[in-house]
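The structure appears below as C-alpha cells.
Number of protein chains: 2
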Amino acid sequence: MIKIAVDGMGGDYAPHLVVEGAVQAADDFEDLEVIITGREDAIKRELYRHKVRGGKISIRHASEVIEMSDTPVQAIKKKKDSSLAVGIQLLKQREVDAVVTAGNTGAAVASSTLTLGLLPGIKRPGILITIPTLHGISVAIDVGANIDPAPEHLLQYAIMADIYTRYLLRKKKPSIGLLNIGEEESKGTETLQEAYKLIRVSGLYFIGYIVGRDFFTGNSDCIVCDGFAGNVVLKTTESIFEMMVALISKEIQKDWLAKLGAFLCKPAFESIRRETNYEEAGGALLLGVDGVVIIGHGISSAKAIRNAIRIARESILEHVNDHIIEGINSRLNSNSSKTIPISRVNP
Amino acid sequence: MIKIAVDGMGGDYAPHLVVEGAVQAADDFEDLEVIITGREDAIKRELYRHKVRGGKISIRHASEVIEMSDTPVQAIKKKKDSSLAVGIQLLKQREVDAVVTAGNTGAAVASSTLTLGLLPGIKRPGILITIPTLHGISVAIDVGANIDPAPEHLLQYAIMADIYTRYLLRKKKPSIGLLNIGEEESKGTETLQEAYKLIRVSGLYFIGYIVGRDFFTGNSDCIVCDGFAGNVVLKTTESIFEMMVALISKEIQKDWLAKLGAFLCKPAFESIRRETNYEEAGGALLLGVDGVVIIGHGISSAKAIRNAIRIARESILEHVNDHIIEGINSRLNSNSSKTIPISRVNP
C-alpha cells in the first residue's frame, strides 16, 4: 500500500473540501491509504458526512493550525503540533510516503526543508508547477521557493525538471529553456549568464534563453526560472484569467444577442476551462527535499486535492526522488564530457 | 509648434506603418511637426503614397538601421548614423522636443541614456507602461531598463510613476504598490525590503507590497517593480492573450452552434479587444532621461505609432520631465518629514 498524509487543516476550504478530496482519492486508487492530519473532531465530522468509518482513511490528531498569514518562522517555531508539521514528521519517520498540503506555501517549504533535509547533492529546493500550453503540458521551476538563486541552483532545477518531465509526463527528450528578458546570449544578469554556461554543458537538451512570451506556447518543455519571476508570472496569469472572465461577463450583459451567443459558446469555453484548469494539475511539487511533498493551491477544490494526491502517488510509483539523485550524480560529475548543440527546434 | 522625431526605420513594419502613423498624427494634431529619420529614398516613397509633399512632415536622412537582433553595444558603437541615433541627436540639440521609436528597446535605452544623460538627481532610467485593468488604467515601471535595481532606483521609479499618473492620467492621489511575492512585510529580497522603507517615508501614497495577482485588478495605480520581473510579466501577458484567442478559435471551429455564438458575441469581444489593446496605449515611456523618449512595441501598427506620438506630445505639453525634477528634489530632500499610514484602500 502507498501511504499519503494529507494536511487536513491547510487551504481556504479546509477541512471540508480537503477531506472530500481525500475520500475521492481513496475511492479511486485501490493501492492508497490516506492519513489526514489535523483536529480530530473536525475531520471526523467531515468523514461522517461521507459515511467513511475506518478502512483506508485514518486521522492523526494535530492540535494547531497554520494560517495563511503566518510567516514560515512563526509557523515552524510556534506551532510544532500543526497539521502540517505532524504530516511532515510522519514522512520523516517513513510512516507515510508523501505529504499533500493546500496550506501556507512558505511554511510548507521551510518545514519540509528543515525536517526532511535535502536530497544528496541538492543545494536548494524548488517548486515545480505544470502549465497548460498550446502544445500540451510544460513545467516551470522555481515559482517561489528560492527568490535569489545561485547559478548552481538553476542548473539543479533544470536537472529536476528534466527528470519530472521524463517520468511523470513521459516526454523522451524534454527541452529546457532558461527564462530571461531576451533570447540573446548577452542578455540578463550575471547569475543567468553563469547558469546558462552550466546548463549548456550538463548534457540536458538545452534550447537556451526563453522569454515570458514562451510561457504558454509550449516551445520549451521545461522552463527554469528564479523563484521571484516565476511566482510573479504565476500570480499574474491567474489574475488575467479572472480579468478576462469579468470583462467578458460585463460586456455580454449589455446585449441580449451577445447573451445568446455566450450561451451557445458555453461548451467551447467549458472545454478551455478544463484544459487550462489548475484543478487538473492539482498541485505543485516541492522538489529537492528528501521526501515527496505536494503543495496545492490555497483555493483547492475537492477535485484539486484528489489530483494532488494522484500526483503524489505517481511520484512515489515512479521513484522521482531516486531518479533525481541519479541525475544530479551523473550530470554534476560529468559536466564537460557531453555537450549538445543549441537549437530552438524540438527533436 | 511641437517637434517630434520619429525613428522611421525602427519596428517590424518600418518604414511602411511608421510613416503612415506619423502622417495620421500630423493630420490629427495641428500644433505638431514630425521629422522622420532614416533612409531618405525609402521614407520619401512612403510619404508619396500618402500624398504628403513637404508641410508638417520632413525627413532627416540616416544611412544605417539598427536591427532587433543587434545588441545595444553593437547598435551604439557601430551604427553611429542609425535612424535612432540621428533622432536622439536631434533631441540632444533640442531641434526636436521628443523621439518616438518602435525599434530595438535595448538600443533605445542605451542610446538615450548615453546621449541625453539623466535628469538631475535620477540614478537610472526606467521604462513605464500603461496597463488596462478592471478599474481603469494603471502604470508599471520598470519593465526592462534595469534588471538589477538598487532600492534607491525603485524609490525613484515610484516618484516618476506618481508624476506620470498625476499629469497624464489625471489621478489626484495615485496609489503606489511595490511588486513582491507576498504582501507581508517580511517577504522578498533585501533590496525590496530596503525599497519598501524608502518609499514608505517618501510622502507618496504607498499601499505596500502587491503581488502578481494585482497587476490587472487596478488595486494599485502605479506598480513599481524590478525590470526583470516587469519584463517577464509583460511578455507573458501577451502570450496568454494569444493562447486564449487560439484556444477559443480552435474550440469554436468544432461546432456550428458555437460558431454562431461566437458571431453573436463578436461586438463584446471587439469591445474588450479595444479596452486591452496595446495600440491605444501606443508606447512605453523611457523616464529619467533628459528628454522625452517613447518606445513603441516592435509590432506597432500605424495607429500605435500615431498614439505613441500623441503620448510624446502630451508629455511635452504637461512638462512631465520638469515635474519629475521637482518631485525628485522635494521628495528626496524631505524624506522623513511626511509619512502616510499604510492602507490598501483607495482614498
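Going down the list, the sequences are from chains A and B. At position 302 of the first sequence (counting the first as 1) the number is 302 in my numbering, and the numbers step up by one without a gap. To convert, count from 1 in the second sequence and add 347; that's my numbering. Cβ coordinates follow ideal geometry from the N, Cα and C atoms, glycine included. Here the structure is a predicted model, which means the values were calculated and not measured.
Could you tell me which chain B residues have their CB closer than 7 Å to the CB of Phe215/A, listed as they occur along the chain? Thr583, Ser586
Looking at Ser327/B: is its Cβ nearer than 8 Å to the Cβ of Ala449/B? Outside the displayed span of chain B (348 to 694) sits residue 327/B, for which this structure offers no information.
Measure from the alpha carbon of Ile309/A to the alpha carbon of each residue in Val34/A, Asp12/A, Pro15/A, then state which is nearest. Val34/A
Are the beta-carbon atoms belonging to Gly11/A and Leu119/A less than 8 Å from one another? no
Going by beta carbon distance, what residues of the same chain come within less than 6 Å of Ala508/B, once the five residues before and after it are set aside? Val486, Ile488, Cys569
Is it the case that the Cβ atoms of Tyr514/B and Val667/B are separated by a distance below 8 Å? yes
Taking CB distances under 8 Å as the criterion, tell me whether Met695/B reaches chain A. Summary: the structure shown does not reach residue 695/B, with chain B confined to residues 348 through 694, and so no result is reported for it.
Minimum Cβ-Cβ distance from Cys569/B to chain A less than 8 Å: no
For Asn335/A, the three-state DSSP class (helix, strand or coil): Unreliable positioning characterises Asn335/A in this predicted model, as indicated by a pLDDT of 48, which lies under 50. The coordinate reading is nonetheless provided below. Reduced to three states, the DSSP call for Asn335/A is coil.
Residues in the region 139–165 of chain A having any Cβ partner in chain B nearer than 8 Å: Gly144, Ile147, Asp148
Residue nearest to Val96/A in terms of C-alpha spacing, selected from Val233/A, His16/A, Lys3/A: Lys3/A
Which residue spans inside the region 97–127 of chain A form an unbroken beta strand (DSSP E) run of at least 3? 98–101
Neighbour-count burial assignment, Ala351/A, 16 or more Cβ in a 10 Å radius: Limits of chain A in this structure are 1 at one end and 347 at the other, which puts residue 351/A out of reach.
Taking Cβ-Cβ distances shorter than 7 Å, what residues in chain B pair up with Val211/A? Lys582
Tell me the rounded alpha-carbon separation between Pro15/A and Ile43/A. 6 Å
What does the Cβ neighbour count give for Glu20/A, buried or exposed, with the cut at 16 atoms within 10 Å? buried
Does the region 183–198 of chain A come within contact of the region 536–551 of chain B, defined as at least 3 CB pairs closer than 8 Å? no
Report the rounded CA-to-CA distance for Leu114/A versus Gln89/A, giving the unit in angstroms. 11 Å
Please tell me whether Gly357/B has its Cβ less than 8 Å away from any Cβ of chain A. no
Can you check whether the CB of Val6/A is closer than 8 Å to the CB of Leu100/A? Reading the sequence as shown, one finds Val at residue 100/A and not Leu. Yes. Within cutoff.
Quick check on the DSSP output: the alpha helix (DSSP H) that includes Glu46/A runs from which residue to which? 40–49
Consider the Cβ of Thr536/B: report whether some Cβ of chain A lies at a distance smaller than 8 Å. yes
Which residues in the same chain have their Cβ closer than 8 Å to the Cβ of Ile147/A, if we skip the five residues on either side of it in sequence? Asp226, Gly227, Phe228, Asn231
I'd like to know whether the C-beta atoms of Val558/B and Glu530/B end up nearer to each other than 8 Å. yes
Rounded separation between Ala30/A and Arg306/A - CA only: Ala is not the amino acid found at residue 30/A; the sequence shown has Glu there. Using only the alpha carbons, I get a separation of about 14 Å.
Let me make sure I understand the geometry here. Which of Thr71/A, Ala22/A, Glu67/A, Ile76/A has the alpha-carbon closest to that of Val52/A? Ala22/A
From Asp602/B to Ala258/A, what distance separates their C-alpha atoms? 18 Å
Residue range of the beta strand (DSSP E) that Asp354/B falls in? 349–354
Kindly say whether Ile2/A, judged by its beta-carbon, lies nearer than 8 Å to any beta-carbon of chain B. no
Contacts around Asn693/B, its chain only, beta-carbon distance under 7 Å, and the 5 residues preceding and following it disregarded: With a pLDDT of only 40 at Asn693/B, under 50, the local geometry of the prediction cannot be trusted, and the value read off the model is given with reservation. Cβ neighbours of Asn693/B beyond the five flanking positions: Ser522.
Going by C-alpha to C-alpha distance, which of Ile595/B, Gly608/B, Phe563/B, Ser410/B sits closest to Asp388/B? Ser410/B
Counting only runs that start and end within the region 595–669 of chain B, where is the beta strand (DSSP E) found for 3 or more residues in a row? 631–634, 639–642
Do Gly535/B and Asp561/B have their CB atoms nearer than 8 Å? no
Looking at chain B, is there any beta carbon in it that lies within less than 8 Å of the beta carbon of Asn346/A? Here the model assigns Asn346/A a pLDDT of 40, short of 50, so the residue's position is not dependable, and the following value carries that caveat. Output row for Asn346/A: interface = no.
Using a beta-carbon distance below 8 Å, is Ser343/A in contact with chain B? At Ser343/A, the pLDDT of 44 sits below 50, so the modelled position is not reliable; the number obtained from the coordinates is stated separately. No, its Cβ sits nowhere closer than 8 Å to a Cβ of chain B.
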